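Taking it in order: structure first as structure tokens, then the write-up.
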Amino acid sequence: MKPNCLNQKELAERWTISHRTLERWRWAGEGPAYMKIGGRVVYRIADIEAFERDVMNATSDQGVPAY
1 MKPNCLNQKE
11 LAERWTISHR
21 TLERWRWAGE
31 GPAYMKIGGR
41 VVYRIADIEA
51 FERDVMNATS
61 DQGVPAY
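UniProt numbering puts the first residue of the sequence shown at 1, with every later residue one more than the last.
Have a look at this one:
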């Protein structure tokens, strides 16, 4: 069964970025939508995939290759 959510470290690993980057994005109001459940930050897979699509669309609109 596929997980519905990823925690901060799992998402950082998926995107090969630092978990601190995700923390900074949350503080700045950037990045994918997240939920705080019992003090834990989790990201729904649907929100992660929507954010990835938005980023790809934004980069392709600017003529920058999306990897």
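C-beta: ideal position from N, C-alpha, C; glycine also. This one's a predicted model, so the numbers in the text were calculated from it and none came from an experiment.
Buried/exposed call for residue 38, threshold 16 Cβ in 10 Å: Using a 10 angstroms sphere on the CB of residue 38, the tally of other CB atoms stays under 16, which defines it as exposed.
Rounded Cβ spacing between residue 48 and residue 22 (contact assumed at less than 8 angstroms): Between residue 22 and residue 48 the Cβ distance is about 11 angstroms, and since that is not below 8 angstroms, they are no contact.
Simplified DSSP assignment, three categories, for residue 7: Strand, per DSSP.
Residue(s) in a DSSP beta bridge with residue 43: DSSP, once it has assigned bridges, lists 6 as partnering residue 43.
Under the three-state DSSP convention, the category residue 1 falls into: Assignment of residue 1 by DSSP, reduced to helix, strand and coil, places it in the coil class.
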